[in-house]
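For the sequence shown, position 136 (counting from the first letter as 1) is numbered 136 according to the UniProt record's numbering, and the numbering increases by one without interruption.
Even glycine gets a Cβ: it sits at the ideal position worked out from N, Cα and C.
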Amino acid sequence: MRAKTICRAIFDTWISRFGCPSAVTSDQGSQLRSSMFVEFTRMLGTQKIKTTPYHPISNGIVERFHRQLKSAIKAHENEKWSELIPIILLGIRTAVKEDLQSSCSELVYGTTLRLPCDMIDVSDIPPCDIEFITDLRHRMQQLNPVATSAHCTDRFYIHPSLKSSSHIFLRVDRVQPPLRQPYTGPHKVLCRTDKTITVDINGRKTTVSLDRVKPAHLLPETVLSPPPVIKNLKSTDVHTSKNDELPTYVTRSGRRVHFPKKLTTYIT
């Protein structure tokens, strides 16, 4: 899928019906980070917000809807899944959500949608007049958005050392071959917030979630520094005095053992 296709889909399906959004939240896909999509959001006056990589919790409402949509597609035997999207979306939009006690269509249009399964005749709705429209607009302005409920109860352990550590290890969440290291790094920490941390990965600034990192405890620089190298040192000057005083080894039979000169340096 190209960036041009995404821009056209957003304009035809959302902007043409509801207008330009104030902000758009997306993952870090290559199409959504392209110059065309950035210019598209700039022309609309829309703020682009990107989530951290491999962290679906940061956009949990969309990811949960994707799970519901995929489950509905798998329940059908039609191989062309794109043809099933309209009827599946109709069922999702008319289904009542337990936490909101309402359906998505009722929240948007103020009434439920008529479905083929409706067996009860609804009384005729009188034609709209100016007084009814004014009263409806006044009531809609008084409505407040209902806060969504948190369905995820899992808690991630965040090491206390992450608040002050200079380097971290980053967990690799993508599918890897066997026997591959689960973490990369250590990576240098550039800045941090309460939920994210920005690190230097191969000279590039990358913002990741704290749920994917752990502190890297490095040795002091004095221990990691290489030993000093002595220059202009001749090999003949090494252990000269020690070789001169090396005693001669005599066996029981009275034979004197002489070691080669090139090995006398390593004999203690």
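The beta strand (DSSP E) that contains residue i, what's its start and end?
i	result
Tyr183	183-192
Leu44	That residue, Leu44, is in no beta strand (DSSP E); its alpha helix (DSSP H) goes 35-44.
Arg170	Note that residue 170 corresponds to Leu in the displayed sequence, not to Arg. First-last of the beta strand (DSSP E) with Leu170: 167-171.
With DSSP run on the structure shown, which of helix, strand or coil describes residue i?
i	result
Tyr249	strand
Pro215	strand
residue 336	The requested residue 336 is not part of the displayed model; the chain covers only 1 to 268.
Gly19	coil
Lys80	coil
Leu224	Residue confidence for Leu224 is low, a pLDDT of 45 falling below 50, so the modelled location carries little weight and cannot support an answer.
Pro86	helix
So, is residue i buried or exposed, given that buried needs 16 or more other C-beta atoms within 10 angstroms?
i	result
Thr52	buried
Ala3	buried
Thr184	exposed
Cys7	buried
His187	buried
Ile168	buried
Mind checking who residue i pairs with in its DSSP beta bridge?
i	result
Thr198	Cys191, Thr207
Lys48	Val24
Ser103	Val96
Alpha helix (DSSP H) containing residue i: first to last residue?
i	result
Thr5	3-10
Pro178	Unbroken run through Pro178: none, as it is neither H nor E.
Thr134	130-142
Ala72	60-74
Does chain B have any CB closer than 9 Å to the CB of residue i?
i	result
Phe132	Reference to chain B is not applicable here, since this structure consists of a single protein chain.
### Any 3 or more C-beta pairs closer than 8 Å across the segment 75-84 and the segment 99-116
no
### Message
Does the segment 52-62 come into contact with the segment 31-38, if we say contact requires no fewer than three beta-carbon pairs (one atom in each stretch) closer than 8 Å?
### Response
Verdict: no, contact absent.
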